[in-house]
Amino acid sequence: MIVVDQHWFGRALETVGAWMLGILWLLPLLYAVWTAFHPAAYATRFDLFAPLTLDNLTAAWRAAPFSRYLLNTVMLVTLILAAQFVLCTMAAFAFARLSFPGRDLLFGVVLLQLMVMPDVLLVENYRTLVQLHLVDTILAIALPYLGSAFGIFLLRQTFMTIPQQLDDAARMEGCGLLARLWRVYVPLAKPTYIAYGLVLVSYHWNNFLWPLIITNSVTTRPLTVGLSVFATTDQGIDWSIVTAATLMTSAPLLVAFLLFQRQFVQSFMRAGIR
């Protein structure tokens, strides 16, 4: 009679399932890599001896102003990241450590914003930016995202786990309000900042709907919108060039993940433990 270790069987099943999900997730990326570095004739068939080429990357780079799209995206993400770190830090510190009338009520209003989907506000945001004459600008793309209810909530919860004794010690050393925030709270919340920053950069690097609505010209389009315009039927769909353009737009995030994978995982784990 064969006795099967249920614990071993369960772990083996989980491992097989994880590998299958990983392969399914990786297949589109593998197809994009294969198609981008091979002639168009091999876009729909696999040949181990198919010739490699960089012509697709060159053609994609020349067919659309991807350098401008990349610059716009970097400027957009940097603006949002800097603004959210400053605003969310100040608000989270106020909700976590300061006492003022209506603090809990205001924090409840902030939490209510988590229940509002961003897509619901597209029309009103567009009307507001039209009145401000900011349509088709990078600031217009970033403005609705300069503050984040989730960022305030996440940093507030992190700040509340920092012992009050450290704050009191810094106060006794003569540190003012901003000095205590900068020297005590921000360094101890570094894993949370890294984890939140990674999610923030990834989201706004790939954000599509709002930039599509608010931009009209090459000078303001980010990579996602530029790629969608590039891949329209008016341009004539060549999947080799389209996948080459897709790799160019996603390459910075992929390279960053491969280089800093360990730091990514450790930051999320530490932030989750706190």
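Going by my numbering, the sequence shown opens with residue 3, and the numbers climb by one from there.
Idealized CB from N, CA, C, for every residue including glycine.
Check, Outcome
"Within its chain, find whatever has a CB closer than 6 Å to the CB of Leu214; leave out the 5 residues flanking it on each side and keep chain order.", "Val227"
"Determine the direct distance from the alpha carbon of Asn218 to that of Asp281, and round the result to whole angstroms.", "Only positions 3 to 276 of the chain appear in this structure, which leaves residue 281 out of reach."
"Roughly how many angstroms lie between the CA atoms of Val5 and Trp21, to the nearest whole one?", "With a pLDDT of 48 at Val5, under the threshold of 50, the modelled position of this residue cannot be trusted; read the value that follows with caution. Cα to Cα, the separation comes out at about 26 Å."
"Under a three-way DSSP split, which group does Cys341 fall into?", "This structure gives no information on residue 341, because the portion of the chain shown stretches from 3 to 276."
"For my contact list, Asn74 and Thr222 are in at a C-beta cut-off of 8 Å; report their separation, rounded to the angstrom.", "6 Å"
"Would the beta-carbon of Phe109 fall within 9 Å of that of Phe95?", "no"
"For Phe232 and Arg70, I'd like the C-alpha separation in whole angstroms.", "13 Å"
"Could you spell out the range, first to last residue, of the alpha helix (DSSP H) harbouring Phe262?", "It is not in any alpha helix (DSSP H) - Phe262 carries neither H nor E in the DSSP assignment."
"Measuring straight from C-alpha to C-alpha, what distance separates Leu89 and Tyr187?", "15 Å"
"Please report the straight-line C-alpha distance between Gly104 and Glu16, rounded to a whole angstrom.", "49 Å"
"Which residues bound the alpha helix (DSSP H) around Thr163?", "Taken as a continuous stretch (DSSP letters only), Thr163 belongs to no alpha helix (DSSP H), as it is neither H nor E."
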